[in-house]
Every structure is written in structure tokens, then in C-alpha cells.
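Colleague: This note's numbering applies: residue 12 is where the sequence shown begins, and numbers increase by one. All C-beta atoms, glycine included, are put in the ideal place defined by N, C-alpha and C. Just so we're clear, the structure is a prediction, and the values are computed from it rather than from any experiment. The following block contains the structure, expressed as C-alpha cells.
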Amino acid sequence: MTAPLVGLIMGSDSDWPTVEPAAEVLDEFGVPFEVGVVSAHRTPEKMLDYAKQAHTRGIKVIVACAGGAAHLPGMVAAATPLPVIGIPRALKDLEGLDSLLSIVQMPAGVPVATVSIGGAKNAGLLAIRTLGVQYSELVERMADYQENMADYQPKIWPRKLSKKTPIFAPSSWGTRP
């Protein structure tokens with residue numbers, strides 16, 4: 012894998028801090044990607060050209076970040092045959108809720124897989140899982156990643172819990188303190 016497989020696009024370069032965790036996880040998994048700025052509002056022709064041509068250049072998944080009205084992921088999804096993952100970006104007024112609703116509420120026939128507000132790391136991981144359909148080595152790396160996630164999971168048992176706190180856990184998880 013040397014040619015970019017994932018396109019990371021955003022409506023403005025100010026979106027980069029939100030998108031960067033997706034780039035980091037793709038890099039961690041060794042997935043080549045490209046980064047670009049295309050705006051549904053300021054450069055619609057450029058955005059449509061990108062969406063229509065991405066698959067001809069070997070891109071397999073597009074991750075699109077937008078804030079506010081957040082039209083970029085949906086417009087790209089309408090113009091490309093590729094899977095599109097939308098990252099809603101939080102802005103000051105509605106803290107990303109407007110972006111989330113805009114990206115989630117797509118009409119039938121124009122799907123956009125949507126992660127949480129600012130959820131770029133999950134967008135990158137979802138892109139990797141999507142690529143895993145074609146690249147079995149990514150499935151193996153994802154399985155390793157998931158196994159190692161346990162190392163980062165906070166342990167609940169050392170914490171002091173009220174005796175009234177209900178615990179719903181398999182017996183294999185250990186006993187209550």
C-alpha cells in the first residue's frame with residue numbers, strides 16, 4: 012500500500028485540528044492517505060471534481076469533516092460511489108449539534124456514516140475497518156489494536172463504589188470490592 016487509500020477532506024484548513032486524529036490513526040496502521048481542503052460552499056466545483064474522481068485515483072474511503080451547516084460530507088456522498096464518513100465539527104454556537112444533525116439526516120440513497128462530534132479517531136478506525144474488506148492485513152492489525160485496548164481501559168474495581176451501586180458484570184470480571 013503506497014498510493015493513498017483514504018481521502019481526508021475538510022471545508023477549511025481551520026478544521027485540521029479536528030481531522031488530525033484520523034490522520035494519526037491511519038498513519039499508525041500504515042494506511043496511506045491524502046489531505047485536502049474542498050468547500051461545499053466556497054469551492055463547490057472543486058469539491059464535486061474531487062468526489063467524482065477520487066475512486067479513479069485509487070481512493071477507497073473518503074472522510075469528510077465540516078462544521079455548522081456541514082454540507083460537505085453529504086454533497087461528497089451524493090457525487091461519489093465511495094463510502095463517506097462524516098466528522099461533525101464543534102463550533103461555538105451549538106457545540107457541533109448542528110453539524111451532527113446535518114450529517115446524520117441524509118436522504119435515502121445518499122448514505123454518510125457519521126461519527127460523534129469531533130470523533131476523528133473513530134472516523135479513522137472506521138475507514139480502516141472498511142478497508143479491511145479488501146486488505147486482510149488491516150483486519151489482523153485491527154484485531155491486535157482491539158486486544159491492546161484493554162491496556163488503556165480504566166479499571167473500575169480499585170475505585171470505591173457504594174455498596175448500593177448495582178454491578179452488572181459477568182462473574183469472570185472479578186468480584187466486587
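Considering only the alpha carbon of each residue, which of VAL42, GLU39, THR125, ALA90 lies closest to ALA65?
Modeller: ALA90
Colleague: Measure how close the beta-carbons of ILE96 and VAL126 come, nearest whole angstrom, since I'm counting them as under 8 Å.
Modeller: 7 Å
Colleague: Would you mind giving the Cβ-Cβ distance between ASP38 and GLY79, rounded to the nearest angstrom? I have them listed as a contact below 8 Å.
Modeller: That belief does not hold up - the Cβ atoms of ASP38 and GLY79 are roughly 28 Å apart, past 8 Å.
Colleague: By DSSP, does THR67 sit in helix, in strand, or in coil?
Modeller: In the structure shown, THR67 sits in a helix (DSSP, three-state: H, G or I).
Colleague: Below 8 Å on the Cβ atoms is my contact criterion, and I expect ALA14 with PRO32 to pass it. Report the Cβ-Cβ distance as a whole number of Å.
Modeller: No, ALA14 and PRO32 are not in contact; Cβ-Cβ is about 23 Å, not under 8 Å.
Colleague: Would you tell me roughly how many angstroms separate the C-alpha atoms of ASP24 and TYR156, rounded to the nearest one?
Modeller: 30 Å
Colleague: Run the CB neighbour count on ASP26, radius 10 Å, all protein chains shown included, and call it buried at 16 or more, exposed below.
Modeller: buried
Colleague: Which term fits LEU112, buried or exposed, when burial requires 16 or more other beta carbons within 10 angstroms of its beta carbon?
Modeller: Burial is judged here by how many other beta carbons sit within 10 angstroms of a residue's own beta carbon; LEU112 has fewer than 16 and is exposed.
Colleague: Is DSSP giving ALA33 helix, strand or coil here?
Modeller: helix
Colleague: When the Cα atoms are used, what is the spatial distance from GLY18 to ALA62?
Modeller: Their Cα atoms are separated by approximately 10 Å.
Colleague: Between SER147 and the rest of its own chain, which residues show a CB-CB distance below 7 Å, the 5 nearest in sequence each way excluded?
Modeller: none
Colleague: Assuming PRO84 is part of the beta strand (DSSP E), what are its boundary residues?
Modeller: Unbroken run through PRO84 is the alpha helix (DSSP H), 83 to 90; no beta strand (DSSP E).
Colleague: Drop a sphere of 10 angstroms on the beta-carbon of ARG100, count the other beta-carbons inside from all chains shown, and report buried for 16 or more, exposed for fewer.
Modeller: buried
Colleague: Starting from MET160, follow the alpha helix (DSSP H) in both directions and report where the run begins and ends.
Modeller: 147 to 160
Colleague: Looking at ARG190: is its Cβ nearer than 9 Å to the Cβ of MET160?
Modeller: For the chain, the structure presents residues 12 to 188; residue 190 sits outside this window and is missing.
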